[in-house]
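Numbering (the working numbering), first residue to last: -8 to 128.
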């Protein structure tokens, strides 16, 4: 655990340590402009480095990231254009840490709506992973 996370509860700090790099790598899926090929390659490298299966990646995308980032993407606030990584990580951490069984079921039901604006980009990431030799289980 690094010094900037010392104020966090151990379970929250562990969650941040485990997810931070993946969340930041995948965040461009929700940006106004489409990710570049190099960004997709970076996303794939991070997913591979963390050993995420396609199922784990889908769960992370649908339940952890989409509910937070779709709100930013569709909001009228200009803050998303100049992404503040600390603010983004704080919101993702808070949301994910508070995912109870009921909230997971809720987001599973509504994940189609939450992922609709970025689903085609997520599909591009899956294609890049496949081209790199990864196959779904």
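Where a beta carbon is used, it is the ideal one built from N, C-alpha and C, also for glycine.
Positions of the alpha helix (DSSP H) runs, each at least 4 residues long and wholly inside the region -4 to 32, are given as 1 to 17 in order along the chain.
In this structure, the beta-carbon distance from residue 88 to residue 6 falls below 7 Å.
With a cutoff of 7 Å on beta-carbon distance, residue 48 and residue 98 are scored as not near each other. When C-beta atoms of the region 29 to 40 are compared with those of the region 55 to 64, fewer than three pairs fall below 8 Å, so the two segments do not count as touching. A direct Cα-to-Cα measurement between residue 76 and residue 15 gives close to 7 Å. Within 10 angstroms of the beta-carbon of residue 10 lie 16 or more other beta-carbons, which makes it buried. Contact annotation, residue 109 with residue 20: C-beta distance approximately 5 Å; criterion of less than 8 Å satisfied. Within the same chain, and ignoring the five residues on either side of residue 24 in sequence, no residue has its Cβ closer than 8 Å to its Cβ.
Residue state for residue 58 is assigned as helix, using DSSP reduced to three classes.
Between residue 100 and residue 122, the alpha-carbon positions lie close to 30 Å from each other.
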